[in-house]
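Input: a single structure, listed below in structure tokens.
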Amino acid sequence: MDLIVALILEGVQIFAVLALAPLLLGFTRKVKARALRRLGPPIVQPYRDLLKLLRKEAVVAENASWLFRAAPYLIFSTTWVAAALVPTFAAGLPFSGMADLIAIIALLGSARFFLALAGMDIGTSFGGIGSSREMLFASLAEPAMIMIVFTVALVAGSTQLSSVAAVMQGNVGLRVSLGLAAAALIIVAIAENARIPVDNPATHLELTMVHEAMVLEYSGRHLAMLELAAGVKLLIYLSLVACIFVPWGLAPVGSGPTAYALGAVLYLGKLLTGAFLLVLFETSIAKMRVFRVPQFLGAALMLGLLGTLLLFVSRSF
Amino acid sequence: MTGYQFDVAHMLAGGLVLVSFMLLYQDRMFALLNVFALHAVVLAGSVAWQAYIQAAVHLYVPAAIALALKAIIIPVALRHVVIQLGIHRSIETVVGVGPTMLVGMGLVGLSMVVMLKATGSSVDPLAREDLAFALSVVLLGLLMMVVRRNAVSQIVGFMSMENGLILAATGAKGMPLVVEISIAFSVLVAFIVIGVFLFRIRERFDSVDVQALDSFRGERR
Amino acid sequence: MQVGIALWGVAVLIGTGVAAALLQKTRLATALTYGASLFACLGILGASCQYLLAAPASAQGLQLPLGLPWTGAHFRLDALAAFFLLVVNLGGASTSLFALGHGRHEPAPGRVLPFYPLFVAGMNLVVLADDAFGFLLAWELMSVTSWALVLAHHRDPTNRRAAYIYILMASFGTLALLLAFGLLAGATGSYIFADIRGASVPLSALVLILALLGAGSKAGLVPLHVWLPLAHPAAPSHVSALMSGVMTKVAIYGFIRIAFELNGPPAWWWSVLLIVLAAITCVLGVLSALMQHDLKRLLAYHTVENIGIIFLGLGLCFAFSSHGLAAPAALALTAALFHVFNHCLFKTLLFLGSGAVLGATGERDMEHLGGLIHRMPLTAFAFLTGCMAISALPPLNGFVSEWLTFQAILLSPTLPSWALKLIIPAAGALLALSAALAAACFVKAFGVTFLGQPRTAAAQRAKEAEPVSLTAMFALAALCLLAGVLPGLCIDALAPVVEGLTGARMPQQSVLAYLSIVPVAASRSSYNGLLVFVFIVVSTLVTIEVVHRFASRAVRRGPAWDCGFPLTSPRAQYTADSFAQPIRRVFGSVVFQAREHVDMPPPGEPRPARLSVMLRDPLWEGIYAPLAGGIALLADRLNHLQFLTIRQYLSLVFIALIGLLLVVSIWT
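Chains as they are written, first to last, in the numbering used here: chain A, 1 to 317; chain B, 1001 to 1221; chain C, 2001 to 2668.
This is the structure in structure tokens:
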């Protein structure tokens, strides 16, 4: 009985992340438009966009290979699996022991690997520019993320996200290393999701493109999957910030339906608050030029390394 | 003291180290002065918190001095100096930002090791770790003086060093008011003297880039 | 007796080598040589698997009356040797299978066929040897045969230079190992490992340093790695696979045998030395790999990085053992050994893939390739699997060993030493950095070689590799997937090895639910490769089903987006150097002093502008060039000794005689 309930909850989480991702994107665009004194598109517009793209025919370049056509499916499925593993409204779900924080980051890394290869498949300069810049940013963002994982794991005693959330809900207190890790995670989240100041998600100028350059050749259902994967990735990062640093409201194992409902409502609130703060940050800063981003990400790496170093030196940091 | 007070003290001291790193990262003059003002605000907060948890009322005075002098008056004055000198462009650092940050990390690690090994475990743990952070701030300020070419940014580095010394002194449970006032006045005097010299240097040599000034030294090497 | 079967396999290999030397002119020589090698390797592989999986078996020894009359030749098969025999022969079998198809591309089979089986035999003998003479003899056999194989295409001057540097470094390594064994034997005077094992060793720190110099230079540890990127690409492709994937592992076996088993108990500062060297090796290896556009040299530099990862695990094991923490030491050692196995699999696969590309196009330079995924789809798929495995992407095997290393690093704050407390986080950051850079490197390697449009006519004419070679590559790819999906089995198989060396083992993995792996405790962390794989497959199938049912299935082919300027030349696409340019600017300008120089013609001149990139190898210029210069200077000075008169020669003899008599008189 418990197992069936747990499996149902796991199923709810798996499909809820898919359903919430376009809502998150729509909300972000609406808030950004309002902050810039525009009306903006309706919040449900991304759902309509996805449906429209799904119904269109896919135009594929003449020399595209099987990798080009298979990559959107692989990118989408690895991102989706990673999203299913981050606790959103409940902790301790049956498959949460399958992959810990390092594995989640590595799954997002596989998605990026295939995206970069897809960018290089057609053999134009646009795809190359996107892939090479993306791999530059990844070469700094991933180590920063691993350092954040180390800091959090040393404080919480585990890399398993459910255990981390449980420890953080207890009295961990305000810690220097956690503050450093939070700052680093925010920087990495901005870089990985191709937001300003690292990359502009709404641009189509090749000099400023990173993510958009890699998906330039995609259309129709392939583009729909890639857009949805990008939304799910933003949801993953906001959920990570929520689960690690603001975990109150996560229903523990074996609670009643009210606890789960409360967890879901709180989770939605955390997502929307996170999106709101992200938009505030985006509208108050200009986009960096490309070779300034490694310094930005290097700062995140240094913050994570400093947090880890402090925890290695003394437990009370 | 309770764990909560311990944690906030740590956060403020760690925040001071973080702002020191931010000082190293800046390459524009106005941003540098703003971050220096933030440095002083965090220091004032840390000293005030120490005054609260140690119930040492006389420590509120150095906090107020730091806030008034270093967070408001000195940055505004330096802003005027910068505008008059016309150097509100980007700073060229001698070494790039990346290697500077790496060396900064090494200095933090070094000061951790030195302080936690030199003081035994008989000393209060909060004091030990605050001393470690304070030594890091001093070393980072010295690093800043070493890697910058511009004389104004070297002044900022010098004053952040002094902030680290104040943090160390307050963490060590009590510093006589007289010492604090004398330090503050000596810094003010040094600042005035350096400011005057900067204008004289600028008049003579048309630049405050200390690297360029080297070529005007009398003796040939 | 498995050790008997192994020795028979070695004998078959030696016989095959000798036969190939005699029969090199016959037409079937290639097929017979590689077929016999395949058969022998599979036999030894089977014997070692059987030994390793029948877990608590005791060590099997054998003594043959060969070699020195008072020592004979001792051979021993214990858990460590069985594991490394498995690694060696897996690599040997797959390269032999590959060469059955690929060998017909070889222009000079007479220079390759006799030495190949002897090379594999030498590697097997190093692992089986139980006394210092046998070990060093087999080590030298391995070095000399691989040197001969590097010189197989001797008309190319770069190959000749590579072979020269290789033989210098190999001789230096053997000298270091000789001195190490001398120190180890000095306690009892006996060179048999059984006698050395129990005795206490004086100067064990010096033994460690000598072992590090000797085995580390063969494995490719910085700063002794300079021969590796020159020699590994110069050899024929299947031999490169063996050298990179297998010979480096034999060097690691030598290091483990000497430092962990024969030497005394570790001191804490040894781990500091190992960890620092390992971290530097990781980063330098992968950054150098990113700067390359020769496919095989890129793979060779990448081997250096992976050796760094293995040594990082070994260093962590030393750190934990020297402080008496046996369980974390077992975890670190398991991570290192698992990475040995994984690296053998995917590096061999990648080198075989590059060999297939070389055979199909005649080109090693990525800047002349491109678009091969259309012409060689199966090779491309196998190579892609290798790239994914080496970039540590789940659910393949590279991720598991990296995950285990990270878990070992997370256990290390309990170490009391200050130096370790500062160095291990830095090493962890460098490991993470090198893993991310490795992914970038392999996106570049696969993307520029196989994707895009063909850059030269050679790439347009490429044909798929032979079916036998494809079988070898796909077998390795399947093993990569299996090791990633069933890591618990591999960890349990490694348990006897780890227990023999550290006295502890990781928790039993086979009793865990759903085949997860748990390094320390389930509440702490766990990973389930099989479930991750199943989830990915299921979600892909669900996505395909939903999309094909509810979305349009139409596909139209059209021209690529060209921004209104139809430039159909394949020269407009990204090259390997341009892909690496951002990383070169960020990292290379510090490490390699990379400078780009644009030579713009003045207005009016029609010649093209030229972009040149200058990279300086810090180790070559810092260590080897001054060393070579110093030796040349010394040799010049000593050259005068060749041109003395008879009287001067007689006086030299006289002085030497008087000196020796003085020594005898003072000392006795």
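We treat Cβ as the ideally placed atom computed from N, Cα and C, and that holds for glycine.
On a predicted model such as this, the values are computed, not experimentally measured, just so you know.
In the DSSP assignment, Q2508(C) forms no beta bridge with any residue. Taking S2143(C) as the centre and dropping the five residues before and after it, the same chain places the C-beta of A2170 closer than 6 Å to its C-beta, in chain order. Among the residues facing chain B, S110(A) is not included, as its CB has no counterpart in that chain under 8 Å away. In the three-state scheme derived from DSSP, where H, G and I count as helix and E and B as strand, V2112(C) is classed as coil. Not one beta carbon of chain B lies nearer than 8 Å to the beta carbon of M135(A). When the five nearest sequence neighbours on each side are left out, the beta carbons in the same chain lying within less than 7 Å of the beta carbon of S239(A) are those of V86 and T88, in order along the chain. An exposed status is given to D2562(C), since fewer than 16 other beta-carbon atoms sit within 10 Å of its beta-carbon.
Nearest CB-CB separation between G1141(B) and chain C: not below the 8 Å threshold. Under the Cβ criterion of 8 Å, V1017(B) is not counted among the residues facing chain C. Look at the region 1046-1102 of chain B and you find these whole runs of alpha helix (DSSP H), each 4 residues long or longer: 1060-1065 and 1074-1085. At a cut-off of 8 Å between C-beta atoms, D199(A) does not count as an interface residue with respect to chain C. In the structure shown, the three-state DSSP call for R2637(C) is helix. Here H1010(B) is buried, its C-beta having at least 16 other C-beta atoms within 10 Å.
The continuous alpha helix (DSSP H) containing G2182(C) extends over residues P2157 to G2186.
Annotation: Cβ neighbours of L2422(C) in chain B (cutoff 9 Å, chain order): G1106, G1109, L1110, M1112 and V1113.
According to the DSSP assignment, R34(A) belongs to the alpha helix (DSSP H) that extends over D2 to A35. Under the 8 Å Cβ criterion, the region 57-71 of chain A counts as touching the region 207-225 of chain A, having at least three qualifying pairs. Here A2231(C) really is in contact with A2162(C); their C-beta atoms are around 5 Å apart, less than 8 Å. Here H2368(C) carries a helix assignment [DSSP, helix/strand/coil]. Among the residues of the region 1062-1093 of chain B, none has a Cβ less than 9 Å away from any Cβ of chain C. Rounded to the nearest angstrom, the gap between the Cα atoms of V2546(C) and V2613(C) is 50 Å. 8 Å or more divides the Cβ of F2383(C) from the Cβ of L2345(C).
DSSP places E2596(C) in the strand class (E or B) of the three-state scheme.
Residue contact with chain B for V2532(C): absent (no Cβ-Cβ distance below 8 Å to any residue of chain B).
Beta-bridge annotation (DSSP): Y2527(C) is paired with I2517(C). S2612(C): member of the beta strand (DSSP E) spanning R2610 to M2614, first to last residue. A2408(C) is the residue among A2408(C), V2443(C) and F2442(C) whose C-alpha sits nearest the C-alpha of L2431(C). DSSP places A2073(C) in the strand class (E or B) of the three-state scheme.
Between V210(A) and R133(A), the C-beta spacing is below 8 Å. When C-beta distances to chain B are compared with 8 Å, the residues of the region 303-316 of chain A below that value are L303, L305, L306, L309, L310, V313, S314 and S316, in chain order. Excluding residues up to 5 positions away in sequence, S2237 and R2364 lie with their Cβ nearer than 7 Å to the Cβ of L2358(C) in the same chain. Under DSSP, V60(A) takes part in a beta bridge, and its partners are R2557(C). Between the region 2029-2040 of chain C and the region 2109-2116 of chain C there are three or more inter-stretch CB-CB distances shorter than 8 Å, so the stretches are counted as touching. As summarised for the region 2077-2151 of chain C, the continuous alpha helix (DSSP H) elements at least 4 residues long and confined to that stretch are 2079-2102, 2115-2128 and 2132-2150, given in chain order. Using beta-carbon distances, T203(A) does not count as an interface residue toward chain C, since no partner is under 8 Å. Where Q2060(C) is concerned, the enclosing beta strand (DSSP E) starts and stops at Q2060 to L2064.
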